[in-house]
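Encoded as structure tokens, the structure appears first; notes follow it.
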Amino acid sequence: MLRFFDFTDGRLVEHKLGDKLLDYAIAHTGWIDAQDTSDEERDRLEILLHTELPESDDVEEIESSARYFTDSSGIHVHSLFVTQSEGRMETTTVAFILQPERLITVREQELADFRLLRMRARRGQVEVRTPRHLLLTIFEQKVENLADTIEDLHHELEIISHKVLEETATDLESAIDDLAALEDSNGKVRLCLMDTQRSISFLQRQLRDTQAGQEIIPEVIRDIDTLMSHTTFLFDKINFLMGTTQGFINIEQNKIIKMFSIAAVVFLPPTLVASLYGMNFRVMPELDWVFGYPMAVGLMILAGITPYWYFKRKGWM
Numbered sequence: 132m133l134r135f136f137d138f139t140d141g142r143l144v145e146h147k148l149g150d151k152l153l154d155y156a157i158a159h160t161g162w163i164d165a166q167d168t169s170d171e172e173r174d175r176l177e178i179l180l181h182t183e184l185p186e187s188d189d190v191e192e193i194e195s196s197a198r199y200f201t202d203s204s205g206i207h208v209h210s211l212f213v214t215q216s217e218g219r220m221e222t223t224t225v226a227f228i229l230q231p232e233r234l235i236t237v238r239e240q241e242l243a244d245f246r247l248l249r250m251r252a253r254r255g256q257v258e259v260r261t262p263r264h265l266l267l268t269i270f271e272q273k274v275e276n277l278a279d280t281i282e283d284l285h286h287e288l289e290i291i292s293h294k295v296l297e298e299t300a301t302d303l304e305s306a307i308d309d310l311a312a313l314e315d316s317n318g319k320v321r322l323c324l325m326d327t328q329r330s331i332s333f334l335q336r337q338l339r340d341t342q343a344g345q346e347i348i349p350e351v352i353r354d355i356d357t358l359m360s361h362t363t364f365l366f367d368k369i370n371f372l373m374g375t376t377q378g379f380i381n382i383e384q385n386k387i388i389k390m391f392s393i394a395a396v397v398f399l400p401p402t403l404v405a406s407l408y409g410m411n412f413r414v415m416p417e418l419d420w421v422f423g424y425p426m427a428v429g430l431m432i433l434a435g436i437t438p439y440w441y442f443k444r445k446g447w448m
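In structure tokens, the structure reads:
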């Protein structure tokens, strides 16, 4: 799928063009957004733009030299974005190719950041003048969305914290699963922030002489530094709650083991008495005594009550 945008009166405007005007749009629009393109669309883009688009394996490389570089086609930046997949957060890479007359983005799937940008463009809320300005605006909006995601994670963490620390009837094993999911999501957000930090540092060197670079990049860098500290705080709180939850689970297990231990100690003396009178010795005077059986039963009851009373007095149960 190909989407085409241009800069009209200082604002981003999407153009709905038919297939007959596709070649003209590729050659003359300011932003080409290529999402999950077909082989035919990729070939037409590469021919008309004289640019080789990156393959999926290329954009997933982690080396800096493969993610941030310049060549005859323009400035290349491969940046991670967060996306939701089956209720869990995942990261996907978007390839940016910045040329003097246009910006090209290549991605495999729909992303909330780009969907929001299109919605804002339809409302005339995206003020951009050049492809460079647009690129930095996308990264600025990306950081804002990551900030919203961190706020959502913090809200979810507060709910789990209340359940673990204040509610008595809490499924602690389920709480551990929720905390593990939050830790994973927070890790994905932090990874995107670190990647964005590297991308912005690279763009700062390339665009330091432009007005957009001087206005937007310092603000984005400050926002990233602030959000990185927030993710560190979330990691610390998640680890604290994880340790606390495991501690509560151990306490509950210890209570169960304590009950079995007390029961074993309480029934041990009566069992000893019963074992004594179950031995097959020929001479046992109590066997011929009329009150022998009541005495043995009473002795077993007394032997069981005595340790129970002692434990109760000591506050062990």
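The number in my numbering is simply the position in the sequence shown, starting from 1, with 131 added.
Backbone N, C-alpha and C define an ideal beta-carbon position, used for all residues, glycine too.
Length of the line joining the Cα atoms of residue i and residue j
i, j, result
"Thr-139", "Glu-304", "55 Å"
"Arg-142", "Arg-253", "10 Å"
"Glu-289", "Phe-364", "13 Å"
"Ile-418", "Tyr-424", "Reading off the sequence shown, one finds Leu at residue 418, where the question assumed Ile. Those two C-alpha atoms are separated by around 8 Å."
"Phe-366", "Val-213", "18 Å"
"Ala-311", "Ile-369", "8 Å"
"Ser-332", "Ile-380", "46 Å"
"Thr-223", "Arg-251", "22 Å"
"Ser-360", "Ser-216", "26 Å"
"Lys-319", "Val-225", "15 Å"
"Asp-279", "Ile-393", "52 Å"
"Met-431", "Phe-422", "14 Å"
"His-264", "Arg-219", "32 Å"
"Asp-315", "Ile-291", "15 Å"
"Ala-405", "Leu-372", "49 Å"
"Glu-297", "Met-132", "50 Å"
"Met-426", "Arg-444", "26 Å"
"Leu-211", "Lys-147", "28 Å"
"Glu-221", "Leu-358", "19 Å"
"Ile-387", "Gly-446", "16 Å"
"Ser-195", "Glu-383", "49 Å"
"Val-414", "Trp-420", "12 Å"
"Glu-202", "Gly-255", "The sequence shown places Asp at residue 202, not Glu. The alpha-carbon atoms of Asp-202 and Gly-255 are separated by roughly 33 Å."
"Asp-302", "Lys-389", "21 Å"
"Phe-245", "His-293", "35 Å"
"Asn-276", "Glu-350", "15 Å"
"Pro-458", "Gly-378", "Look at the range of the chain in this structure, 132 to 448, and you will see that residue 458 is not part of it."
"Ser-169", "Arg-260", "30 Å"
"Glu-186", "Asp-356", "32 Å"
"Thr-182", "Arg-134", "17 Å"
"Phe-227", "Val-295", "44 Å"
"Leu-403", "Thr-299", "40 Å"
Whole-number beta carbon distance between residue j and residue i, since they are thought to touch under 8 Å
i, j, result
"Asn-317", "Leu-284", "6 Å"
"Leu-334", "Ile-348", "7 Å"
"Ala-307", "Thr-376", "According to the sequence provided, residue 307 is Ile. The question's Ala does not apply to it. Yes, Ile-307 and Thr-376 are in contact; Cβ-Cβ is about 5 Å, under 8 Å."
"Pro-262", "Trp-162", "7 Å"
"Asp-309", "Gln-240", "26 Å between Cβ atoms; not a contact."
"Ile-206", "Gln-337", "5 Å"
"Pro-401", "Gly-429", "11 Å between Cβ atoms; not a contact."
"Thr-362", "Ile-269", "That pair is no contact at about 21 Å."
"Thr-160", "Asp-137", "5 Å"
Proximity of residue i and residue j at Cβ, strictly below 9 Å
i, j, result
"Val-208", "Leu-229", "yes"
"Asp-354", "Val-274", "yes"
"Ala-165", "Leu-184", "yes"
"Leu-313", "Glu-346", "no"
"Leu-176", "Ile-235", "yes"
"Tyr-199", "Arg-339", "no"
"Leu-248", "Gln-272", "yes"
Bridge partners - residue i, DSSP secondary structure assignment
i, result
"Ile-163", "Phe-135 and Ile-235"
"Phe-422", "In DSSP, Phe-422 forms no bridge with anything."
"Asp-202", "Gly-205"
"Gln-384", "Paired residue(s): none; Gln-384 is not in a bridge."
"Ala-226", "His-209 and Val-237"
"Thr-214", "Glu-221"
"Arg-142", "Thr-139 and Glu-258"
Q. Would you call the segment 405–415 and the segment 325–343 touching, i.e. three or more CB-CB distances under 8 Å?
A. no
**Q.** the segment 387–405 contacting the segment 429–448, beta-carbon criterion three pairs below 8 Å
**A.** yes
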